[in-house]
Each structure stands twice: as structure tokens, then as C-alpha cells.
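For reference, the structure is listed below as C-alpha cells.
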Ligand SMILES: Nc1ncnc2c1ncn2[C@@H]1O[C@H](COP(=O)(O)OP(=O)(O)OP(=O)(O)O)[C@@H](O)[C@H]1O
Ligand SMILES: [Mg+2]
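Residue numbers (my numbering), protein chains in the order written: chain H, 1195 to 1445; chain B, 927 to 1258.
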């Protein structure tokens, strides 16, 4: 049991919270990096290798385009359908292969990225599909290459929606990181489990909830601000509804 | 300058039936000309213009622009060729994430131009379309007419020799339409630009075109210089250009459609006719336009009395170089 009236209780609580917050942020930042670096190209490939897409026929072959599309689609669905806790355990050998350990905050970045990449790729796919095909034609009529169209037209035009998708992705990474205590990664979720669940400390649970809530609120606020600036729309026009409604993956 | 030869394009409708959107289309536009393609919705106009810069690859036939056979080029060569062909769109297709200047610069970035040079050129071309002061505005902050000016600036930024325009004005109100058409005309004259524009409105053709083609169900029915087509017997374009209304009831009298063009439009043809043959000519309809700086028009006349005199009168009119079509009675 814990004693809330002990002189060390509150300073210790803040200390534990602070460490947990830093660990959570570290996991989020690390996995977000890999999620964007890998998920963005996957999302682009998902859209462009579809029938009628820019890369419908890579190297002149429709069969290759449709194979790439199906494989990515399958992998993304697979990644999204396995519950995180199982995925994390199943990935232990992979994580060890990749970075030499499977325990700790760094190691948790691997499974967190693996679960967030498919989610983010879908978000990117939704955002890119909203880009008017006329803009791609405009790019083509100017003599732009496919790569130029992706870089200068497709992604910039979808950026404001992608930012919203990114914030939804971050929220779900935070969500999943709460389970990362299983591989001794620490984080706020671990604080809640160790102090709140195992030692019945309500102040710890409430504090974790408040910090997580504040974190997500700040994040969403910043994202929608940035998204709105990127959209350059007149005030009152609706943002990407598909992204807003997409919600998080299954935990 | 633009030559399409025996172009065929077939789409497959969702239910699997083939749609022949272009059926053996051949077209020729001379350097410096403003050429209109006129047709109703679904006639194949957009398909035609999109095959000209190969946004849509024809099933068969060739497209040659500026001496280059586009249908024979590799992907890389085709991209280079497209930089010399500007295109403007009905719905502008501007990037919302870029300012007016940014949209214009896209054309220059694609062409690999350095940043300082891009800025200079985008200023120049935005001035030319009258948007110099709105360079930093985003499309959402511009009116339809201003957006299309940006579209035109973007299309012309890389100094193409040819401009393709697919219904560039049909999303605009009449006054804005007029100003955009005048802009295209002015630029074409100033830069020696060849323009092919698609429209479903005769007014657009009348206002700026030198040449015109009529397209229906994927086939070109007529094409040529506007003034020439007007004086071609039985031309549907002439009939659309100079509407004379329905024929009157009854069949007693002779009815003639007379087409004036060039010099004959200035002569007092009708009063001469009345005096020389002593006929009480009635005018049933008339329509006069300025085409390429010259007056042209059609008049529908009704001649009463005996047919023998009419035959002489018709011969007399034809002898003056007028195009006379007998709509009813008369010659037989
Ligand atoms: N991608 C496509 N797939 C199937 N059919 C098509 C496609 N594009 C055009 N068509 C068909 O080809 C025909 C010509 O279409 P097109 O768009 O060229 O007409 P249009 O003259 O531009 O008409 P509008 O004035 O309405 O723009 C139509 O019957 C249309 O349904
Ligand atoms: Mg059309």
C-alpha cells in the first residue's frame, strides 16, 4: 500500500510521471519517424498503383502495378488486424534481430512502428484519394514526370489532410505505448499499471489520465491549426471528413 | 501547326459496350490561328483535345504538333513536347496549396528553371494576364475569372507555341467570358500563339475564332475557315451562326436564303432585286455578324408571284457571286 500523506509521496509522483512522460514521448517520436518514412511511400504506392493511377504500369507492366497494389493492401490489412499485444510478442525475434534487444524503450519503437505504419498508410491513402484528378492532369499537361507530380502536386495538395491523419496516428501510438510496459519500455501507461493497478494509488491513475488527455488535446489542437493553415481555404469550408471520421485502429 | 490524322478513340462503358468517342477524326490548324471545335455535350470534344497532348492515347491515328509526331515519341520525349503545349481547363485545376505565383512557377519548376529566373518569368506572365497585383493570393481567394487568368498564365509560362483550351470559359459569367476570350485573342496575336479551343457555344467561336470544326458523335462534320464555311452551301455551321428561324406556313411563294460575305454584304442587293424584277420582296429573317473583321450574314427572302420571274431573279443573284439556297418553290 501507499501512503498519500508521506512527505515523499507527491515529489515521487511527479518524478515518476515526468520519467514516464519522457519515455512515452521518446517512443512516440521514434516510431512516428519510422511510420512517416515508411508509411508515406506505402500510402503513395497504394493510390498510384491502382487502376488508372499514375504508376498503374510501373516499367510498362500493369501486372506489376496490380501486384504491388495487392501486396501492400494485404500487408496493411494484416498489420491492422492483429491485436497490438500479440503483435508485440510475435515481433520479439524481429526486434532482437534489428537492434539486438527486445526490452526497453528503444526496443518498443519497433512494434509501435509496425502497428502504426499500416494505419498511417491508410490515412495517407484516404488523403491522396481526395486530390482532384484534374490537378494530376494539369501536372501532366505541363510535362511533369510521375515523380514530380507525386512530389509537387499529389502530396502537397493532400498535406493538410495528411497532417490530420498524422495526429490521429500519433494518438493511437500513444494508445499502444501504454501496453509497452510488457517489454519494460516504461512510459505513462506503465506508471498507471505499476502504481495504480498494482499498488492501488488513485492519484497516479488520475495524474496519468490528466497528462495523457492534455497531451492528446494539445496535439490535436496543433494539428488542426497546422492543417487549416496548409489548406488555404476560405473560412467555413469543411476539412477532410473522411480523415476525421476514420478513428483509431483496434487495440 | 496542329494536325490530327485519322484519330480513333474507343472507351468501354461501365456496362461493357464500346463507346466510339472519336471516330476517324482528322483536323488541321495553321500556325497563329485560333481554331474552335464546336459540339454538344458528349460529342467527344474533351476526348479530342486530350488526345492532342496525349493525356489520352488514341487507339489509332497520329497527332503532330509543331512538326513533332507526338504519337511516335517515348515517354521522356513526350514530356518535353508537352512543355511546348499549354493547356487550360474548364475547372481551372489550380493547386490550392500554392499561390497564383506558385501555380505559375510549377510549370517552370517542371521545366527545370532556376529560382531567380522563375520569379522573373512568373512576374512577367502574371502581368501579361493582368494579375500582377494578386501574385501572392491563393486560388481560394480569387474569383473564377482570376483563377482562369492564373490557369492561362501557368499554361503560357514556359512559352509554348500552342495553347489548348477545354471549355475555359464555360464556368464563367458572360462578361468574364468575354474578358477571358479577349485575353486569349490578345495573347495569341502578341505571341503568335496557335490556339485550339473547345466550346459548346457559338458565341465563343464568333468572338475570337478564325477557323472552326463541328463535331458530333465523335465525327468531324465540317471544318475550315469561318468565313469560308459561311459561304459553303448547306453548311450547318452557317445555319447555326446565322439562325433565320422557322419557315412560314403555306407553299405558294418562293423562299430563298441568301448568304452575304466579304464585299457583297455592302451592296444593296435587295433593293436592286425589287427594282429590276419588279418584285415585292419580303424579308423573313436576317442575321449579320462580323467575322475576321469582315461583315457576313444571311437573309431569308420571300418572293411572291410567278415562278418564271423567280428563276431569272435567282440566276441574277448568283451572277453577282451571292450564295443562294432555295428553301421552297422557285427553281423547279
Ligand atoms: N473515361 C471514359 N470512359 C468511358 N467513356 C468515356 C470516357 N470519357 C469519355 N467517355 C465517353 O465518350 C464520349 C465523349 O465524351 P467527351 O467527354 O469527349 O464529350 P464532350 O464533348 O467533352 O462533352 P461535354 O461538353 O459534356 O464536356 C461520351 O459519350 C462519354 O460518355
Ligand atoms: Mg468536355
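C-beta: ideal position from N, C-alpha, C; glycine also. Since the structure is predicted, the reported quantities are computational estimates derived from the model, not experimental observations.
What is the DSSP secondary structure of residue i, reduced to helix, strand or coil?
{"i": "residue 1239(B)", "result": "helix"}
{"i": "residue 1119(B)", "result": "coil"}
{"i": "residue 961(B)", "result": "strand"}
{"i": "residue 1230(B)", "result": "coil"}
{"i": "residue 1426(H)", "result": "coil"}
{"i": "residue 1025(B)", "result": "coil"}
{"i": "residue 1049(B)", "result": "helix"}
{"i": "residue 1256(H)", "result": "helix"}
{"i": "residue 1186(B)", "result": "strand"}
{"i": "residue 1224(H)", "result": "helix"}
{"i": "residue 1145(B)", "result": "strand"}
{"i": "residue 1129(B)", "result": "helix"}
{"i": "residue 1211(B)", "result": "strand"}
{"i": "residue 1004(B)", "result": "helix"}
{"i": "residue 1439(H)", "result": "Here the model assigns residue 1439(H) a pLDDT of 49, short of 50, so the residue's position is not dependable, and the following value carries that caveat. Here residue 1439(H) sits in helix by DSSP."}
{"i": "residue 1346(H)", "result": "helix"}
{"i": "residue 1151(B)", "result": "strand"}
{"i": "residue 1403(H)", "result": "helix"}
{"i": "residue 1017(B)", "result": "coil"}
{"i": "residue 1316(H)", "result": "helix"}
Pull up the CB-CB distance for residue i and residue j, whole angstroms please, since I reckon it's below 8 Å.
{"i": "residue 1091(B)", "j": "residue 1014(B)", "result": "5 Å"}
{"i": "residue 1273(H)", "j": "residue 1304(H)", "result": "No, residue 1273(H) and residue 1304(H) are not in contact; Cβ-Cβ is about 13 Å, not under 8 Å."}
{"i": "residue 1036(B)", "j": "residue 1338(H)", "result": "4 Å"}
{"i": "residue 1270(H)", "j": "residue 1312(H)", "result": "4 Å"}
{"i": "residue 1385(H)", "j": "residue 1211(H)", "result": "6 Å"}
{"i": "residue 1214(H)", "j": "residue 1390(H)", "result": "Contact flag wrong, Cβ pair sits at about 12 Å."}
{"i": "residue 964(B)", "j": "residue 1140(B)", "result": "5 Å"}
{"i": "residue 1196(H)", "j": "residue 1393(H)", "result": "5 Å"}
I'd like to confirm something about residue i: is its beta-carbon nearer than 7 Å to some heavy atom of ligand 1, or not?
{"i": "residue 947(B)", "result": "yes"}
{"i": "residue 967(B)", "result": "yes"}
{"i": "residue 972(B)", "result": "yes"}
{"i": "residue 1352(H)", "result": "no"}
{"i": "residue 1017(B)", "result": "no"}
{"i": "residue 939(B)", "result": "yes"}
{"i": "residue 1126(B)", "result": "yes"}
When you compare only the Cα positions, how much space is there between residue i and residue j?
{"i": "residue 1410(H)", "j": "residue 1365(H)", "result": "6 Å"}
{"i": "residue 1008(B)", "j": "residue 1098(B)", "result": "27 Å"}
{"i": "residue 1203(B)", "j": "residue 1236(B)", "result": "9 Å"}
{"i": "residue 1153(B)", "j": "residue 1217(B)", "result": "7 Å"}
{"i": "residue 1316(H)", "j": "residue 1351(H)", "result": "17 Å"}
{"i": "residue 1193(B)", "j": "residue 1102(B)", "result": "36 Å"}
{"i": "residue 915(B)", "j": "residue 1243(B)", "result": "Because chain B here runs from 927 to 1258, residue 915(B) falls outside it and cannot be looked at."}
{"i": "residue 1005(B)", "j": "residue 1087(B)", "result": "15 Å"}
{"i": "residue 1320(H)", "j": "residue 1263(H)", "result": "15 Å"}
{"i": "residue 1251(H)", "j": "residue 1340(H)", "result": "11 Å"}
{"i": "residue 1240(H)", "j": "residue 1267(H)", "result": "7 Å"}
{"i": "residue 1239(B)", "j": "residue 1167(B)", "result": "26 Å"}
{"i": "residue 946(B)", "j": "residue 1145(B)", "result": "9 Å"}
{"i": "residue 1030(B)", "j": "residue 1427(H)", "result": "19 Å"}
{"i": "residue 1367(H)", "j": "residue 1226(H)", "result": "8 Å"}
{"i": "residue 955(B)", "j": "residue 982(B)", "result": "20 Å"}
{"i": "residue 1286(H)", "j": "residue 1370(H)", "result": "16 Å"}
{"i": "residue 944(B)", "j": "residue 1248(H)", "result": "24 Å"}
{"i": "residue 970(B)", "j": "residue 1324(H)", "result": "27 Å"}
{"i": "residue 1180(B)", "j": "residue 1211(B)", "result": "14 Å"}
{"i": "residue 1232(B)", "j": "residue 1255(B)", "result": "10 Å"}
Check whether the Cβ of residue i sits closer than 7 Å to any heavy atom of ligand 2, and report yes or no.
{"i": "residue 1099(B)", "result": "no"}
{"i": "residue 1143(B)", "result": "no"}
{"i": "residue 1043(B)", "result": "no"}
{"i": "residue 1250(H)", "result": "no"}
{"i": "residue 1093(B)", "result": "yes"}
Checklist entry - At a Cβ cut of 7 Å, what residues of the stretch 1001-1026 of chain B count as close to chain A, listed as they run along the chain? => result The displayed structure is made up of protein chains H and B, and chain A is not among them.
Next on the checklist: Under 8 Å, CB to CB, which of the residues in the stretch 1315-1340 of chain H have a partner in chain B?
Outcome noted: Answer in chain order: 1326, 1328, 1329, 1331, 1332, 1333, 1334, 1335, 1336, 1337, 1338, 1339.
Item to check | Residues in the stretch 1027-1047 of chain B having any Cβ partner in chain H nearer than 8 Å | outcome: Within the stretch 1027-1047 of chain B, the residues whose Cβ lies closer than 8 Å to any Cβ of chain H are, in chain order, 1032, 1033, 1035, 1036, 1037.
Next on the checklist: Output needed in chain order: residues of the stretch 1345-1367 of chain H with a Cβ under 7 Å from some Cβ in chain B.
Outcome noted: Here the close residues are 1346, 1347, 1350, 1351, 1353.
Checklist entry - Of the residues that make up the stretch 1063-1094 of chain B, which ones have a beta carbon closer than 9 Å to any beta carbon in chain H? => result The stretch 1063-1094 of chain B vs chain H, Cβ under 9 Å: 1064, 1065, 1066, 1067, 1077, 1080, 1081, 1083, 1084, 1090.
Item to check | Positions along the stretch 981-1000 of chain B whose CB lies within less than 8 Å of some CB in chain H | outcome: Answer set for the stretch 981-1000 of chain B: 981.
Checklist entry - Between the stretch 1407-1427 of chain H and chain B, which residues of the former have CB atoms less than 9 Å from a CB of the latter, in chain order? => result Per Cβ criterion, the list reads 1424, 1425, 1426, 1427.
Item to check | the stretch 944-955 of chain B: positions lying closer than 7 Å to chain H by Cβ | outcome: Within the stretch 944-955 of chain B, no residue places its CB atom closer than 7 Å to a CB of chain H.
Checklist entry - What residues from the stretch 1212-1242 of chain H come within 8 Å of chain B, judged by C-beta to C-beta, listed N to C? => result Here the close residues number zero.
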